[in-house]
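Positions 1 to 113 (UniProt numbering) are the ones given, in order, by the sequence shown.
Even for Gly, the Cβ is constructed at its ideal location relative to N, Cα and C.
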Amino acid sequence: MEEVIEIRSYQLKLDQSAQFHHLVSTQSVPLQASAGIKVLHYGFSLSSGAGSDQDYVLIRQFANLTDLIQCQSDFYQSAAWLSGPRESILACIQSSHSIVIPAIHFPMKAHHE
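What follows is the structure, encoded as structure tokens:
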């Protein structure tokens with residue numbers, strides 16, 4: 001089985017972008033790292049255009065599709081997520097969409113901010 005990349009895009013609610021980015025960078029990404037999830041990149045989309053910061057992206061790498069499913073299930077059911085930033089993060093999101101592609105076509109390294 002080959003490594004996979006998940007690209008998750010978010011459309012954020014108006015006036016929630018700063019709060020969302022703060023929660024992702026200070027709480028969600030560290031929690032994911034402690035759960036063994038490899039975050040390659042997160043941040044605002046360049047395609048949002050000048051003055052717009054409602055489009056956000058999270059890119060993660062997994063050993064394979066089975067690992068993605070298991071890691072996400074474990075993470076999103078964990079007490080750390082459920083009693084941590086979950087509600088605050090979800091409150092910022094208007095919609096989200098994920099795609100999964102083979103990692104062989106994606107030459108990125110883990111993001112360190």
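When the five nearest sequence neighbours on each side are left out, the beta carbons in the same chain lying within less than 7 angstroms of the beta carbon of Phe75 are those of Gln32, Ala35, Ile37, Trp81, in order along the chain.
For Ile104, the secondary structure class from DSSP, reduced to helix, strand or coil, is helix. In the structure shown, the three-state DSSP call for Leu40 is strand.
At a Cβ-Cβ threshold of 9 angstroms, Pro85 and Leu23 count as neighbours. Cα atoms of Val57 and Asp15: separation of roughly 17 angstroms, rounded to the nearest angstrom. Of the candidates Phe62, Ala18, Ser47, Ser9, the residue whose Cα lies closest to the Cα of Glu3 is Phe62. For Val57, the beta-bridge partners assigned by DSSP are Ser9, Gly43.
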